[in-house]
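First comes the structure, then the notes that go with it.
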Amino acid sequence: MQDAGAYDMFRSEAGMHRVQRIPSTESKGRVHTSAVAVWVLPSFPESNPGDMDVDDPDSDFYVNPTDVRIETMRASGAGGQHVNKTESAIRMTHTPTGTVVCMQDHRSQQRNRDDAWKVLRSRLASQRVEQREAEAARLRSSVLSQAQITRGDKIRTYNYGQDRCTDHRAGFDVHNLPNVLAGGETLERVMRAAKDWLVAHDIRALVAEEEAGAAPDKARPQRTKR
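Residue numbers (this note's numbering): 363 to 588.
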C-alpha cells in the first residue's frame with residue numbers, strides 16, 4: 363500500500379493479532395487459538411544516484427541557492443603566480459547544515475565554482491539518503507521488536523464464539539465481529555481507539571525522555587575533614 367498517509371493510518375495495527383475460534387472439524391467443541399504477527403513499515407522514495415536533477419526541488423541533489431554562502435579567495439599552495447595572486451578559489455557553505463566545500467583545483471574561478479557546486483550537491487544528497495535510511499531503520503525498530511514477537515505479546519483478539527474484538531492496548535471491546543473482519547464501521551472504531559492509545563503512548567514516551575534528560579545529576583557526598 364503506497365497511498366499517502368497509509369503508514370500513519372495503519373501503524374497502530376502492528377503487533378500480534380490473536381484469533382480464537384472453534385473450527386468446523388473440532389468434534390469436542392474446543393476453542394483453537396492462532397496468532398499472526400503484523401508489521402507496518404514506512405516506505406521512502408528511492409533516489410537514483412545517476413539522475414542528478416538539480417532543478418527539481420524533490421531531488422536529493424537539489425540545493426536552494428539562497429541557502430549557500432559563496433566566498434572567493436586566493437588559492438594557496440603551489441600553482442604559479444596566477445593561482446596565488448587571483449581570487450580563483452571558491453568556498454561554499456550550506457548554511458542549514460554547515461556543510462563546507464572548498465575548490466581551488468583550477469586557474470579559472472568559474473570552473474572552481476562549477477566543481478564546488480557538484481561536490482556540494484553530491485555531499486548533501488549523500489546526507490539526505492543516510493538520514494532517510496536512518497529514519498526508516500528507527501521507524502522499523504519502533505514498530506515491533508523481535509522480543510515482542512517471540513514472547514507473544516498480543517495487541518488484539520478476535521473471538522468468534524463471543525462475536526467480540528478486543529484491543530488490549532486501548533482496553534476497547536466491540537461486538538459484531540463479521541463487520542470488523544469486513545472492514546466496516548466497527549473496525550474503524552477499533553482502529554481509532556488503538557490510534558488514540560498510540561498517540562498518548564508516544565507523548566508519554568517523549569515526556570519521559572525529556573524529563574530524563576533534564577534531571578540534574580545526583581550531588582556527590584562531600585567528604586568531611588577530620
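Even glycine gets a Cβ: it sits at the ideal position worked out from N, Cα and C.
Taking a C-beta distance under 7 Å as the contact criterion, His-456 and Asp-429 qualify as a contact pair.
If you check the CB distance, Val-536 and Thr-548 come in under 7 Å.
A residue is called buried once 16 or more other Cβ atoms fall within 10 Å of its Cβ, and Gln-466 is buried on that count. Contact check for Ala-556 and Ala-532: beta-carbon distance about 5 Å, within the 8 Å limit, so the pair qualifies.
For Thr-459, the closest of Gln-493, Thr-387, Ile-565, Arg-473 by C-alpha to C-alpha distance is Gln-493. Glu-433: member of the beta strand (DSSP E) spanning 430-435, first to last residue. Counted as a single uninterrupted DSSP element, the beta strand (DSSP E) harbouring Tyr-520 occupies residues 516-521. Secondary structure at Ser-396: strand, using DSSP grouped into helix, strand and coil.
Secondary structure of Ala-570 (DSSP, three-state): helix. Taking the Cα of Ala-544 as reference, the smallest distance to any Cα among Cys-527, Phe-534, Trp-559, Asp-558 is reached at Cys-527. In the DSSP assignment, Ala-451 falls within the unbroken beta strand (DSSP E) covering 451-456. Look at Asp-467 here: in three-state DSSP terms it is coil, with no helix or strand label. Annotated three-state conformation of Met-371 is helix, per DSSP. In the three-state reduction of the DSSP assignment, Arg-531 falls in the coil class, being assigned neither a helical nor a strand state. Apart from sequence neighbours up to five positions away, the residues of its chain that approach Met-454 with a beta-carbon distance below 6 Å are Val-430, Ile-432, Val-463, Ala-478, Leu-482, ordered along the chain. With distances taken between CA atoms, Met-378 lies nearest to Ala-397 out of Phe-372, Ala-397, Met-363.
If you look at Val-381, you'll find it in the beta strand (DSSP E) that goes 377-383.
In the DSSP assignment, Val-542 falls within the alpha helix (DSSP H) that extends over 539-543. Judged by DSSP in its simplified three-state form, Thr-461 adopts strand.
Rounded to whole angstroms, the separation of the alpha carbons of Ala-496 and Met-363 is 22 Å.
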